[in-house]
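Undergrad:
Residue numbers (my numbering): 88 to 315.
1. Out of 205, 92, 122, which has the shortest C-alpha to C-alpha gap to residue 143?
2. Mind checking which residues open and close the beta strand (DSSP E) that includes residue 198?
3. Among the candidates 225, 164, 174, 109, whose CA atom is the shortest distance from the CA of residue 283?
4. By Cβ distance below 6 Å, which residues in the same chain neighbour residue 129 in space, the five residues on each side in sequence not counted?
5. At which residue ranges does the segment 149-236 contain complete beta strand (DSSP E) runs of 3 or more residues, listed in the order of the chain?
6. Below 6 Å CB to CB, which residues in the same chain sit around residue 98 once its five sequence neighbours on both sides are set aside?
7. Considering only DSSP beta bridges, list what residue 313 is partnered with.
8. When the Cα of residue 94 is compared with those of 195, 148, 117, which residue comes out closest?
9. Where residue 237 and residue 119 are concerned, what is the direct C-alpha to C-alpha distance, given to the nearest angstrom?
10. Roughly how many angstroms separate the alpha carbons of residue 154 and residue 201, rounded to a whole number?
11. Out of curiosity, what's the CA-to-CA distance linking residue 266 and residue 117?
12. Please go through the segment 240-268 and give each complete beta strand (DSSP E) segment of 3 or more residues, from N-terminal end onward.
13. Taking residue 190 and residue 158 to be in contact with their CB atoms under 8 Å, please state how far apart those CB atoms are, rounded to whole angstroms.
14. Under three-state DSSP, which class holds residue 130?
15. Using three-state DSSP, classify residue 299 as helix, strand or coil.
16. Are the CB atoms of residue 240 and residue 210 nearer to each other than 8 Å?
17. Can you name, in chain order, every residue of its own chain whose Cβ lies under 8 Å from the Cβ of residue 222, other than the five neighbours on each side?
18. Would a C-beta distance cut-off of 8 Å place residue 298 and residue 263 closer than the cut-off?
19. Looking only at its own chain, which residues have a Cβ that is under 6 Å from the Cβ of residue 134, when we skip the five neighbours before and after it?
20. Hey, how far is the Cα of residue 166 from the Cα of residue 178?
21. Which whole-angstrom value describes the C-beta separation of residue 272 and residue 247, a residue pair presumed to lie in contact below a C-beta threshold of 8 Å?
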């Protein structure tokens with residue numbers, strides 16, 4: 088008899104939000120000051136939706152890419168090291184603590200995705216938080232589009248994580264445009280692939296949805312997408 092796994096995917100907004108950081112704003116200093124505030128508002132909004140969804144009794148909840156609420160565009164106006172220390176690291180810590188708190192309180196696994204500071208590097212990191220509120224898996228996005236690749240470092244590995252509901256992997260946004268990452272995860276035993284993304288309709292929504300369906304059918308896995 089097959090296992091039953093209840094999965095919720097969160098869509099915080101009905102359309103893409105206003106830019107996390109408006110690099111064309113007339114008052115850049117004010118924009119830099121507001122960016123971390125808006126980031127925390129986004130994190131809190133996502134946490135509220137996760138809390139609401141827990142009334143349905145899910146085993147796992149998936150949130151979108153950029154669930155840390157912060158983009159890397161402020162690096163256009165400040166040194167990378169300054170951005171990491173004054174803006175990214177405090178926001179990252181806030182996001183991880185809030186998501187761990189929600190996962191533990193509601194006894195769920197939470198799959199989320201944030202920009203993560205690692206020394207002098209920045210990674211776009213998907214993570215699995217356990218029912219105990221602990222990070223039990225990390226994946227760093229390997230395929231970076233040009234609006235990330237200029238400042239974000241690519242990951243180098245595709246990991247499969249064992250959970251109490253099965254073996255899972257994570258691919259982030261643009262990763263899904265290429266057939267190899269999903270095939271690697273499937274060959275390594277993944278049963279479910281979570282795909283946090285900011286959107287999959289770069290070539291049109293129909294093509295984006297078809298791509299996800301094809302990856303699932305070709306590799307014999309379930310794919311769970313969460314976008315804005």
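Quick reminder that beta carbons are idealized off the backbone N, C-alpha and C, glycines included. Treat the numbers as computed from the prediction; the structure is a model and nothing was measured.
TA: Reading it off the structure:
1. On the chain shown, position 56 is the one that residue 143 refers to. Considering only alpha carbons, the answer is 92.
2. The residue given as residue 198 occupies position 111 in the chain shown. For residue 198, the enclosing beta strand (DSSP E) starts and ends at 196-205.
3. Here residue 283 is taken as the residue at index 196 of the chain shown, counted from 1. Looking from the CA of residue 283, the closest CA among 225, 164, 174, 109 belongs to 225.
4. For the purposes of this step, residue 129 is identified with residue 42 of the chain shown, where counting begins at 1. Counting only Cβ-Cβ distances below 6 Å, and skipping sequence neighbours, we find 156.
5. The segment 149-236 is shown to contain whole beta strand (DSSP E) runs of 3 or more residues at 196-205, 208-216, 222-227, in chain order.
6. Taking the chain shown and counting its residues from 1, the one referred to as residue 98 is at position 11. By the criterion of a C-beta distance shorter than 6 Å, residue 98 is surrounded by no residue of its chain, once the five residues flanking it on both sides are discounted.
7. Taking the first residue of the chain shown as 1, we reach residue 313 at position 226. Looking at the DSSP output, residue 313 bridges to 283.
8. Here residue 94 refers to the residue found at position 7 when the chain shown is read from its first residue. Distances from the alpha-carbon of residue 94 to those of 195, 148, 117 put 148 closest.
9. If you number the chain shown from 1, residue 237 lands on position 150. If you number the chain shown from 1, residue 119 lands on position 32. When rounded, the distance between both Cα atoms is 19 Å.
10. Stepping through the chain shown from its first residue, residue 154 is reached at position 67. Stepping through the chain shown from its first residue, residue 201 is reached at position 114. Residue 154 and residue 201: Cα-Cα distance of roughly 5 Å.
11. Walking along the chain shown from the start, residue 266 turns up at place 179. Walking along the chain shown from the start, residue 117 turns up at place 30. Rounded to whole angstroms, residue 266 to residue 117 spans 42 Å at the Cα level.
12. Correct list: 248-250, 253-257.
13. Within the chain shown, residue 190 is the residue found at index 103, counting from 1. Within the chain shown, residue 158 is the residue found at index 71, counting from 1. The pair is not a contact, with the Cβ atoms about 24 Å apart (cut-off 8 Å).
14. Within the chain shown, residue 130 is the residue found at index 43, counting from 1. Reduced to three states, the DSSP call for residue 130 is helix.
15. For this step, residue 299 is matched to residue 212 along the chain shown. Here residue 299 sits in helix by DSSP.
16. Here residue 240 refers to the residue found at position 153 of the chain shown. Here residue 210 refers to the residue found at position 123 of the chain shown. Taking 8 Å as the cut-off, the Cβ atoms of residue 240 and residue 210 count as close.
17. Position 135 of the chain shown, counted from the start, is the residue given in the question as residue 222. Only residues of its own chain outside the window of five on either side were considered, and among them 183, 187, 214, 215, 216 have a CB closer than 8 Å to the CB of residue 222, listed in chain order.
18. If you number the chain shown from 1, residue 298 lands on position 211. If you number the chain shown from 1, residue 263 lands on position 176. With respect to the 8 Å criterion, residue 298 and residue 263 are classified as neighbours on the basis of their beta carbons.
19. As a working mapping, residue 134 is identified with position 47 in the chain shown. Only 185, 189 meet the Cβ criterion.
20. Looking up residue 166 in the chain shown gives position 79. Looking up residue 178 in the chain shown gives position 91. Here the alpha carbon of residue 166 sits roughly 17 Å from the alpha carbon of residue 178.
21. As a first step, residue 272 must be located in the chain shown, where it is residue number 185. As a first step, residue 247 must be located in the chain shown, where it is residue number 160. About 6 Å separates the beta carbon of residue 272 from that of residue 247, a gap short enough to meet the 8 Å contact definition.
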